[in-house]
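Q: Quick one: the structure is below, questions incoming.
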Ligand SMILES: NC(=O)c1ccc[n+]([C@@H]2O[C@H](COP(=O)([O-])OP(=O)(O)OC[C@H]3O[C@@H](n4cnc5c(N)ncnc54)[C@H](O)[C@@H]3O)[C@@H](O)[C@H]2O)c1
C-alpha cells in the first residue's frame, strides 16, 4: 500500500523504534499520530515533523478509543497502524526472593501483548469500513515482537511470553482480516540502539555487540522504521514474523 497521503498511528512513538518509525512514515508522506503513555514525549516527537502527538495508555480500551478518535478527527482513519509500545522487565521463574512476582509478569503481558491487541483490534475496526485501494487493500498493521519470543534468555520469562503472544497472533489476525483487505505483520528485532541501552555498562554493551554477527553493531532505530515502510509498501507481506537482527541468535544468558 502506498504511504503518501494516508493516516498512520504509531504507539510507543515517544522513544526508540516507535519514534524512528513515526519519522520514517512522516518522511514518506503519511499524516502521523504518535501515541505514547509519555504524552509530552509523543507531542515532542510529532512536533518535529508536523504530526499529532497524544497521550495514550495501550492497556486501556477507553484510552485507545479516545486517542484513535482524536487521530481520526485530525487526519482521517488510519490505514497504517504500527505497535511499538512495550516494556522490558526481568525476573527468573524462581528467583532469590521466591517465585516470579506475578504483578510484574502481568504488567509485561498487559502492555506488550494485550496492549498490542487492543490497539490493533480497534485500529482494524476502523480500517475495515474504509474504501479499498488497489488490490482490495484497506490497511496494514505492523506489530513489534522480539527474537526473545523464540530465544528467551535466563530472566526473560515474562518478556518472552509477551512477545511469543505477539508473534503467535500474527497469522490468525491476518487470516481474520484478510477478507477486509487488512494485512498484519510482525517484526522481531534483535538488539537496537534505543534509550533502553543508554544506561548499560560498556562491558555488557560490548558483549551484546559481539553476538550480532554482521553488521557488527546494534541496529539503528531508523533501520526498523525502514522495514516498517517496506512491509507497508509490499502487498505480499502478510501473516508472518520477520527477524531484523544481523544474524544474532540469543544464548541462554
Ligand atoms: N530496542 C531493542 O533492542 C528491542 C529489541 C526487540 C524488541 N524491542 C521491542 O520494540 C518496542 C520498542 O522498544 P524500544 O527499544 O523503542 O523501547 P523504548 O523504551 O525506547 O520505547 C518504548 C515506548 O513505549 C512507551 N510505552 C510503555 N508503556 C506504554 C503504555 N502502556 N502505553 C503507551 N505507550 C507505552 C514508552 O513510554 C516508550 O516511549 C518494544 O515493544 C520492545 O519490546 C526492542
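Residue numbers (UniProt numbering): 1 to 253.
Don't be surprised by glycine CBs; every beta carbon is placed ideally from N, CA and C.
Here's the rule I'm using: 16 or more other beta-carbon atoms within 10 Å means buried, otherwise exposed. How should residue 92 be labelled?
A: Within the chain shown, residue 92 is the residue found at index 92, counting from 1. Within a 10 Å sphere around the beta-carbon of residue 92 sit fewer than 16 other beta-carbons, which makes this residue exposed.
Q: In the DSSP assignment, what are the bridge partners of residue 195?
A: Along the chain shown, read from residue 1 onward, the residue named residue 195 stands at position 195. According to DSSP, which records beta bridges pairwise, residue 195 is partnered with nothing at all.
Q: Beta carbon of residue 195, beta carbon of residue 246: below 7 Å?
A: Position 195 of the chain shown, counted from the first residue, corresponds to residue 195. Position 246 of the chain shown, counted from the first residue, corresponds to residue 246. It is not a contact, given that the beta carbons lie outside the stated cut-off.
Q: Pairs of beta-carbons, one from the segment 5-22 and one from the segment 81-91, closer than 8 Å: are there three or more?
A: yes
Q: Considering only heavy atoms of ligand 1, does any lie closer than 6 Å to the CB of residue 57?
A: Taking the first residue of the chain shown as 1, we reach residue 57 at position 57. For ligand 1, at least one heavy atom lies less than 6 Å from the Cβ of residue 57.
Q: Just to confirm my understanding: we take residue 108, look at its own chain, exclude 5 residues before and 5 after, and list those with CB closer than 7 Å. What are they?
A: As a first step, residue 108 is located in the chain shown; it is residue number 108 there, counting from the start. These residues qualify, in order along the chain: 87, 89, 158, 159, 162.
Q: Bridge partners for residue 33 per DSSP, in chain order?
A: For the purposes of this step, residue 33 is taken as residue 33 along the chain shown, with counting starting at 1. DSSP, once it has assigned bridges, lists 9, 52 as partnering residue 33.
Q: Using 6 Å as the cut-off, classify the Cβ of residue 164 as near or not near the heavy atoms of ligand 1, replying yes or no.
A: Here residue 164 refers to the residue found at position 164 when the chain shown is read from its first residue. For ligand 1, not one heavy atom lies less than 6 Å from the Cβ of residue 164.
Q: Measure how close the beta-carbons of residue 79 and residue 49 come, nearest whole angstrom, since I'm counting them as under 8 Å.
A: For this step, residue 79 is matched to residue 79 along the chain shown. For this step, residue 49 is matched to residue 49 along the chain shown. Incorrect: roughly 18 Å between the Cβ atoms, too far for contact.
Q: Rounded to whole angstroms, what is the Cα-Cα separation between residue 36 and residue 61?
A: Position 36 of the chain shown, counted from the first residue, corresponds to residue 36. Position 61 of the chain shown, counted from the first residue, corresponds to residue 61. Roughly 14 Å between the two C-alpha positions.
Q: DSSP state of residue 236, grouped into three classes?
A: As a working note, residue 236 is residue 236 in the chain shown. Residue state, collapsed to three classes: coil.
Q: When every heavy atom of ligand 1 is checked, does at least one fall within less than 6 Å of the C-beta of residue 51?
A: The sequence position of residue 51 within the chain shown is 51, counting from 1. For ligand 1, not one heavy atom lies less than 6 Å from the Cβ of residue 51.
Q: Let me confirm a value: residue 173 is counted as buried when at least 16 other C-beta atoms fall within 10 Å, else exposed. Which label applies?
A: Within the chain shown, numbered from 1, the residue matching residue 173 stands at position 173. It is buried - the Cβ of residue 173 has at least 16 other Cβ atoms within 10 Å.
Q: Please confirm whether any heavy atom of ligand 2 lies closer than 6 Å to the CB of residue 36.
A: With respect to ligand 2, the structure shown offers nothing to examine, as its ligands consist of ligand 1.
Q: Around the Cβ of residue 156, are there at least 16 other Cβ atoms within 10 angstroms (buried) or fewer (exposed)?
A: For the purposes of this step, residue 156 is identified with residue 156 of the chain shown, where counting begins at 1. Flag for residue 156 reads buried.
Q: Restricting to Cα atoms, I'd like to know which of 182, 142, 101, 143 is closest to residue 129.
A: Counted from its first residue, the chain shown places residue 129 at position 129. Of the listed residues, the one whose Cα sits closest to residue 129 is 182.
Q: Whose C-alpha, out of 137, 197, 177, is nearest the C-alpha of residue 219?
A: As a first step, residue 219 must be located in the chain shown, where it is residue number 219. For residue 219, the nearest C-alpha among the options comes from 197.
Q: Taking 7 Å as the cut-off, decide whether the C-beta atoms of residue 103 and residue 147 are in contact.
A: Along the chain shown, one-based indexing puts residue 103 at 103. Along the chain shown, one-based indexing puts residue 147 at 147. No. Outside cutoff.
Q: With a CB to CB cut of under 8 Å and the five nearest residues on each side skipped, what residues in its chain are close to residue 233?
A: Looking up residue 233 in the chain shown gives position 233. Excluding positions up to five away in sequence, the list reads 1, 2, 3.
Q: Could you give the residue range of the beta strand (DSSP E) that holds residue 38?
A: Counted from its first residue, the chain shown places residue 38 at position 38. Annotation for residue 38: no beta strand (DSSP E) segment contains it, and DSSP assigns it neither H nor E.
Q: Could you tell me which residues DSSP pairs with residue 186 in its beta bridges?
A: Taking the chain shown and counting its residues from 1, the one referred to as residue 186 is at position 186. In the DSSP assignment, the residues bridged to residue 186 are 143, 241.
Q: May I ask you to report which of helix, strand or coil DSSP gives residue 78?
A: Working through the chain shown from its first residue, we reach residue 78 at position 78. Three-state DSSP puts residue 78 in a strand.
Q: Leaving out the 5 sequence neighbours to the left and right, which residues in its chain are closer than 6 Å to residue 43 when beta-carbon positions are compared?
A: Reading the chain shown from its first residue, position 43 is the one you call residue 43. 53.
Q: Residue 51 and residue 7: beta carbons closer than 7 Å?
A: Numbered from its first residue, the chain shown carries residue 51 at position 51. Numbered from its first residue, the chain shown carries residue 7 at position 7. In this structure, residue 7 does not lie closer than 7 Å to residue 51 by Cβ.
Q: Residue 191: beta carbon under 6 Å from a heavy atom of ligand 1?
A: Here residue 191 refers to the residue found at position 191 when the chain shown is read from its first residue. If you check the C-beta of residue 191 against ligand 1, you find a heavy atom less than 6 Å away.
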